[in-house]
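Numbering (our numbering), first residue to last: 8 to 181.
Don't be surprised by glycine CBs; every beta carbon is placed ideally from N, CA and C.
None of these values were measured; they are calculated from a predicted model.
Notes for the one structure printed next.
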Amino acid sequence: MPPIPVADLADRCRPIEFLLVDVDGVIAIDDRGVETKHFHVRDGGGIALWRKAGKRAAILSGRSAPLVDRRAAELGMAPVIQGAAEKGGPFRDLLGALGLDARQVCYMGDDLADLPVLAAAGLAACPADAAPEAIQLAHLVTQAPGGRGAVREVVEVILKSQGVWEDLVAGYRS
Numbered sequence: 008m009p010p011i012p013v014a015d016l017a018d019r020c021r022p023i024e025f026l027l028v029d030v031d032g033v034i035a036i037d038d039r040g041v042e043t044k045h046f047h048v049r050d051g052g053g054i055a056l057w058r059k060a061g062k063r064a065a066i067l068s069g070r071s072a073p074l075v076d077r078r079a080a081e082l083g084m085a086p087v088i089q090g091a092a093e094k095g096g097p098f099r100d101l102l103g104a105l106g107l108d109a110r111q112v113c114y115m116g117d118d119l120a121d122l123p124v125l126a127a128a129g130l131a132a133c134p135a136d137a138a139p140e141a142i143q144l145a146h147l148v149t150q151a152p153g154g155r156g157a158v159r160e161v162v163e164v165i166l167k168s169q170g171v172w173e174d175l176v177a178g179y180r181s
C-alpha cells in the first residue's frame, strides 16, 4: 500500500486512545543467543509521553519473556499479552475487555504474525525494517527501524495530529 495522504493519516490518528505494540522488532532488539532484550530510551520516552497525555498502552507479543513484564511495568503498560502465536483473537478479546473500538487503537507490528491486527486496527504502524507484507498493510511506516525509536516516532505523529504535542513539549521547556 502506498503511503496514505497526510490528511487521511491525521484523520486516522485523531480517534486513537490506545497504543498496542509487539515487542521483538518493534520496541526491543532481541539477542536470541542469550535471552536479552535491548530497549531504546527514545521508545520508552515515547511511551512515557503517551501516558502523560492520558492514554493507555499495552503489549501483544508472540513470544514470552519475563524482561517484557518488567519493562511494561516500568512504563505503565497493561495488559501484557505474551505467547500469542495467533494475535487476531487476543486483539478482539482485548477490545471487548477494555470496551474499545478498533478505530481507537494504533497497533505497531513488524512481521507476519502481526498481519491480522494490522489489518483490523484503526491505525496500523510498522518500523522501517518490517516485513514487506506488514508494510503493505501499514498506514504509517516509521523512518526508524524497530527497537531504535520507531515507537516514539509513531507517538509523536499521533499526538501532533491530536493537537496535544505542543502542550507536552512545553512542559519540558519550562
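- Task: Alpha carbon to alpha carbon, how far is residue 66 from residue 106? Give it in angstroms, no decimals.
- Result: As a position in the sequence shown, residue 106 is number 99, starting the count at 1. As a position in the sequence shown, residue 66 is number 59, starting the count at 1. Each residue's Cα considered, the two are about 17 Å apart.
- Query: Since residue 122 is in the alpha helix (DSSP H), which residue starts that stretch and which ends it?
  - Reply: The count along the sequence shown starts at 1 and reaches residue 122 at position 115. Per DSSP, residue 122 belongs to the alpha helix (DSSP H) from 122-127.
- Message: Do residue 49 and residue 159 have their beta-carbon atoms positioned less than 9 Å apart in this structure?
- Response: As a first step, residue 159 must be located in the sequence shown, where it is residue number 152. As a first step, residue 49 must be located in the sequence shown, where it is residue number 42. The answer is yes: Cβ separation under 9 Å.
- Query: From what residue to what residue does the beta strand (DSSP E) around residue 28 run?
  - Reply: Residue mapping note: residue 28 aligns to position 21 of the sequence shown, counting from 1. It spans 25-28 - the beta strand (DSSP E) in which residue 28 sits, taken as one unbroken run.
- Supposed contact pair residue 161 and residue 149 - C-beta distance, whole angstroms, cut 8 Å: The residue you call residue 149 lines up with position 142 of the sequence shown. The residue you call residue 161 lines up with position 154 of the sequence shown. Separation of the CB atoms of residue 149 and residue 161 is rounded to 6 Å, and the pair is thereby assigned contact status at 8 Å.
- Give a yes or no on whether the C-beta atoms belonging to residue 68 and residue 88 are separated by under 9 Å. Here residue 68 refers to the residue found at position 61 when the sequence shown is read from its first residue. Here residue 88 refers to the residue found at position 81 when the sequence shown is read from its first residue. In this structure, the beta-carbon distance from residue 68 to residue 88 falls below 9 Å.
- Query: Taking one C-beta from the region 127-142 and one from the region 109-118 each time, how about it: are there three or more such pairs within less than 8 Å?
  - Reply: In short, these stretches touch, since the Cβ pair count reaches three.
- Item | Inside the region 41-65 only - alpha helix (DSSP H) runs reaching at least 4 residues | At a cut-off of 4 residues, the continuous stretches assigned as alpha helix (DSSP H) that sit fully inside the region 41-65 are 48-59.
- Message: Just to confirm the assignment: which complete beta strand (DSSP E) runs, minimum length 3, are found wholly within the region 77-144?
- Response: Fully contained in the region 77-144 are the following beta strand (DSSP E) runs of length 3 or more, in chain order: 112-115, 130-133.
- Message: Once DSSP output is grouped into helix, strand and coil, what is the label at residue 148?
- Response: Along the sequence shown, read from residue 1 onward, the residue named residue 148 stands at position 141. Three-state DSSP puts residue 148 in a strand.
- Determine the burial state of residue 177: buried for a count of at least 16 other Cβ atoms within 10 Å of its Cβ, exposed for fewer. If you number the sequence shown from 1, residue 177 lands on position 170. With fewer than 16 Cβ atoms within 10 Å of its Cβ, residue 177 is classed as exposed.
- Segment limits, alpha helix (DSSP H) that includes residue 71: Within the sequence shown, residue 71 is the residue found at index 64, counting from 1. No alpha helix (DSSP H) holds residue 71; DSSP gives it neither H nor E.
- Message: Just to confirm before moving on: does the CB-CB distance between residue 17 and residue 181 stay below 9 Å?
- Response: Locating residue 17 in the sequence shown gives position 10, where the first residue counts as 1. Locating residue 181 in the sequence shown gives position 174, where the first residue counts as 1. No, Cβ-Cβ distance for residue 17 and residue 181 is not below 9 Å.
- How would you write the range of the alpha helix (DSSP H) that residue 168 sits in, first residue to last? The residue labelled residue 168 in the question sits at position 161 within the sequence shown. From DSSP, the alpha helix (DSSP H) with residue 168 extends over 157-168.
- With distances taken Cα to Cα, identify the nearest neighbour of residue 236 among 75, 166, 122, 85. Nothing about residue 236 can be reported from this structure: the residues present for the chain run from 8 to 181 only.
- With distances taken between CB atoms, is the gap from residue 141 to residue 166 smaller than 9 Å? Working through the sequence shown from its first residue, we reach residue 141 at position 134. Working through the sequence shown from its first residue, we reach residue 166 at position 159. For residue 141 and residue 166, no; Cβs fall outside 9 Å.
- Per DSSP, which residues does residue 182 bridge with? Please list them. With the chain covering only 8 through 181, there is no way to say anything about residue 182.
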